[in-house]
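Have a look at the structure below, then the notes.
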Amino acid sequence: MASAVEKGKKVAAYRAVDENITAEHKVIGIGSGSTVVYAVERILQRKELQHIVYIPTSFQSRLLITEGGLTLGSIEQFPEIDVTIDGADEVDPQLNAIKGGGACQFQEMVVAKAAKKFVMIADYRKKSKSLGTEWVKGVPIEVVPLAYKVVMHALNNLLSVKPQFTKLRMAVQKAGPVVTDNGNFVIDAHFGPIADPHKLGQEIKLLTGVLEVGLFCRMAEIAYFGEEDGSVDIW
Ligand code: 5RP
């Protein structure tokens, strides 16, 4: 039997697809992660959405698109997207989010920024009063491998806020660093509650060696959260 969390992901994803993707759309961005799996499942159930071109944000989402038999497009071909739908690790009431739990934040950011509408989907655990309180694994930061130590050092000397920890993300059983779809490493930096996520994201982004920061601020128009009781909370 599916857990409350899985049910939450599914109801949020189905509702978001039903309310935001229509047969009139031409290009849709597909995020990454386990919640997005349900969004693609719902798209596949709706026959009128099969002609749309879908843009992936990772190797995982490219497989979801191709294995589902949907039309795969690239961001080079389609730099303007109607709607992008994606998961999140933590979302605050202003719809700022921490993303990158799956190390896909760079491509996710590109595809979200290219979209006229960015929609987030998540289960109830991802709702937060303040970023940095629920997702305590740290803000994911994609870095060029050569520069990871330099970036870690710089993170510990940020002007506005000091991280409680910075960690190079390791693969399962510490087999080596996680390598992103872009051939880079990920640093997870935990700051505790983040008073100004936009400012922090901008400050980190300026560090030499940083490709992208998993702080998605002022981007989402709407967020759907699947609740434990099977309802959907919409922010
Ligand atoms: C990947 C992401 C995911 O969208 C985020 O981690 C949420 O994943 P899930 O739906 O599995 O909880 O940002 O980089």
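Just so we're aligned: 168 in our numbering is position 184 of the sequence shown, and the numbers increase by one with no gaps anywhere. Just so it is clear, CB atoms sit at the ideal spot from N, CA and C, and this is done for glycine as well.
Heavy atom of ligand 1 within 7 Å of residue i beta-carbon
| i | result |
| --- | --- |
| K83 | yes |
| T19 | yes |
| A72 | yes |
| C201 | no |
| E126 | no |
| E92 | yes |
| S112 | no |
| G15 | yes |
| G(-8) | no |
| A87 | yes |
6 Å CB neighbourhood of residue i in its chain, flanking five on each side removed
| i | result |
| --- | --- |
| G198 | I82, K83, G84, Q89, V123, P124 |
| K101 | V67, E205 |
| A155 | V162 |
Anticipated Cβ contact below 8 Å, residue i with residue j, distance rounded
| i | j | result |
| --- | --- | --- |
| A87 | D70 | Not a contact, Cβ separation roughly 14 Å. |
| A72 | M104 | 5 Å |
| V75 | K113 | About 11 Å separates the two Cβ atoms, so there is no contact after all. |
| V128 | G193 | 5 Å |
| F169 | Y108 | The pair is not a contact, with the Cβ atoms about 31 Å apart (cut-off 8 Å). |
| H182 | R202 | 7 Å |
Contacts around residue i, its chain only, beta-carbon distance under 7 Å, and the 5 residues preceding and following it disregarded
| i | result |
| --- | --- |
| E25 | none |
| V37 | K10, V11, T55, G57, F62 |
| E196 | Q89, F90, M93, E126 |
For residue i, the first and last residue of its enclosing alpha helix (DSSP H)
| i | result |
| --- | --- |
| V135 | 132 to 139 |
| I49 | 43 to 51 |
| G(-8) | -12 to 4 |
| I188 | 181 to 189 |
In DSSP terms, what residue i is bridged to
| i | result |
| --- | --- |
| M154 | P161 |
| T68 | G13, F102 |
| E126 | V170, E196 |
| V216 | G210 |
Host beta strand (DSSP E) of residue i (start-end)
| i | result |
| --- | --- |
| H174 | 169 to 174 |
| Y208 | 206 to 210 |
| I27 | Taken as a continuous stretch (DSSP letters only), I27 belongs to no beta strand (DSSP E), being part of the alpha helix (DSSP H) at 18 to 29. |
| V95 | It is not in any beta strand (DSSP E) - V95 instead sits in the alpha helix (DSSP H) that spans 89 to 97. |
| V37 | 37 to 40 |
Beta-carbon contacts of residue i that lie in its chain and below 8 Å, excluding the five residues immediately before and after
| i | result |
| --- | --- |
| V166 | Per the sequence shown, residue 166 should be read as Asn rather than Val. So the qualifying residues of the chain are F90, Q91, E126, L195. |
| P147 | G122, L139, N140, A173, H174, F175 |
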